[in-house]
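Written below as structure tokens is the structure these notes are about.
Structure, rendered in structure tokens:
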């Protein structure tokens with residue numbers, strides 16, 4: 001594990017990142033059917049914006065909106081020294 | 084402005100629900116409400132939140148103090164956003180002078196030390212200071228006294244703030260009531276603050292907002308009475324003073340009536356007049 005950010009409180013998410021051979025996302029959420037695709041887009045767009053190609057992102061989602069996912073992932077990337 | 088509700092900067096639920104509580108302004112807190120370990124996370128969260136927030140004109144952000152390592156990072160993040168004001172903790176004349184060397188934002192300094200109390204006259208004279216908040220908990224600690232329910236220990240700074248803010252056209256904001264469960268205590272505290280000239284009050288819990296809004300608003304009775312006074316003024320044009328219901332109406336009464344009408348109209352009380 002490289003780093004973590006966020007929480008499992010309501011409206012938040014816990015983001016954990018690991019080194020990997022490629023970008024990948026493991027998404028644990030009760031809202032997968034409704035928001036899975038959207039969360040994936042947010043995560044991969046953010047990784048791409050920093051030209052990151054080798055991070056595994058695990059998200060334990062508790063109903064986080066896009067802005068929270070972006071903020072938590074950014075913090076995890078900063079804490080892990082990736083950006 | 085009547086109410087300012089503190090919301091922790093690292094709590095997405097409170098951030099996105101903040102407009103629901105109907106406080107006039109929302110203070111997003113990056114200082115005391117955020118643990119040292121989460122300063123970075125809170126700053127990132129507030130940045131992303133402000134990116135999507137469509138009521139930034141109601142947002143105040145309390146940054147970390149000048150003597151902390153987070154101060155410049157907080158301000159750098161906020162430089163992208165046009166918010167209502169920045170709330171500056173541990174404010175003194177020298178702290179605001181330092182701030183103004185680098186930034187031009189509108190400020191709400193917090194008076195929370197004995198030195199700051201002695202400098203209120205100087206703080207209100209800064210052009211970018213739009214209001215001042217009294218921070219009673221830290222102030223009492225600095226003064227080495229206990230906080231009490233009647234708040235007698237902060238009477239002097241409260242009054243000082245009222246007079247200086249009024250004299251220099253700034254808004255005097257009262258310290259939050261730390262009792263978030265007994266709303267009668269909150270109401271009594273707010274009524275007293277209003278009575279001695281403070282114009283708004285900070286809130287630490289959404290439950291406090293409707294009570295404080297009510298206390299700091301003109302009542303319908305006051306609004307209707309003020310309209311009667313202004314109507315009587317029209318009918319007595321040219322007279323310095325006149326009598327209404329056996330009571331003298333002169334310039335201070337007319338001024339108060341105008342203020343009540345103005346506040347009532349802002350609160351949508353037009354229909355109260357029969």
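Chains as they are written, first to last, in this note's numbering: chain Z, 1 to 83; chain R, 84 to 357. Glycine residues also receive a C-beta, built at the ideal position from the N, C-alpha and C atoms. None of these values were measured; they are calculated from a predicted model.
- For residue 78 of chain Z, the nearest beta carbon of chain R is closer than 8 Å to its own beta carbon.
- For residue 225 of chain R, the enclosing alpha helix (DSSP H) begins and ends at 219-226.
- Within 10 angstroms of the beta-carbon of residue 177 of chain R lie fewer than 16 other beta-carbons, which makes it exposed.
- Around the beta-carbon of residue 8 of chain Z, fewer than 16 other beta-carbon atoms lie within 10 Å, marking it exposed.
- Within its own chain, the residues whose Cβ lies closer than 7 Å to the Cβ of residue 337 of chain R, once the five positions on either side in sequence are excluded, are 312, 316, listed in chain order.
- For residue 202 of chain R, there is no enclosing alpha helix (DSSP H), as DSSP marks it with neither H nor E.
- Taking a C-beta cut-off of 9 Å against chain Z, the contacting residues of the stretch 94-107 of chain R are 94, 95, 96, 97, 98, 99, 100, listed in chain order.
- Within the model, the alpha-carbon separation for residue 301 of chain R versus residue 260 of chain R is close to 21 Å.
- At the C-beta level, residue 274 of chain R and residue 298 of chain R come within 8 Å of one another.
- A direct Cα-Cα distance of roughly 41 Å separates residue 320 of chain R from residue 238 of chain R.
- Spatial neighbours of residue 158 of chain R in its own chain (CB-CB distance under 7 Å, excluding positions within 5 residues in sequence) are listed in chain order as 146, 186.
- The C-alpha of residue 19 of chain Z lies about 5 Å from the C-alpha of residue 55 of chain Z.
- Listed along chain R, the residues sitting closer than 7 Å to residue 70 of chain Z by beta-carbon distance are 131.
- By the rule that beta-carbons nearer than 8 Å mark a contact, residue 10 of chain Z touches chain R.
- Two segments are said to touch when three or more pairs of C-beta atoms, one from each, lie closer than 8 Å; by this definition the stretch 122-142 of chain R does not touch the stretch 211-229 of chain R.
- Residue environment: residue 166 of chain R is assigned as buried (16 or more neighbouring CB atoms within 10 Å of its CB, all protein chains considered).
- Taking the beta carbon of residue 161 of chain R as reference, no residue of chain Z falls within 9 Å; the closest one sits roughly 15 Å away.
- About 20 Å separates the beta carbons of residue 198 of chain R and residue 245 of chain R, which is beyond the 8 Å limit, so they are not a contact pair.
- Sequence-ordered contacts of the stretch 15-34 of chain Z with chain R are nonexistent [C-beta pairs closer than 9 Å].
- With a threshold of 8 Å between beta carbons, residue 109 of chain R makes no contact with chain Z.
- Rounded to the nearest whole angstrom, the CA to CA distance from residue 98 of chain R to residue 65 of chain Z is 11 Å.
- Listed as beta-bridge partners of residue 286 of chain R by DSSP are R/88.
- Judged by beta-carbon spacing, residue 23 of chain Z lies within the 8 Å limit of residue 53 of chain Z, meaning their Cβ atoms are closer than that value.
- Residue 110 of chain R carries a strand assignment under DSSP once its states are collapsed to helix, strand and coil.
- A Cβ of chain Z is located within less than 8 Å of the beta carbon of residue 127 of chain R.
- Contact note: residue 134 of chain R reaches chain Z through 67, 70, using a C-beta cutoff of 9 Å and chain order.
- Cβ neighbours of residue 92 of chain R within its own chain (closer than 7 Å, five residues either side excluded): 111, 112, 113, 116, 117, 125, 128, 129.
- Look at residue 29 of chain Z here: in three-state DSSP terms it is coil, with no helix or strand label.
- For residue 75 of chain Z, the chain R residues whose Cβ falls inside 7 Å of its Cβ are 123, 124, 127, in order along the chain.
- Our two residues, residue 139 of chain R and residue 294 of chain R, have alpha carbons roughly 24 Å apart in a direct line.
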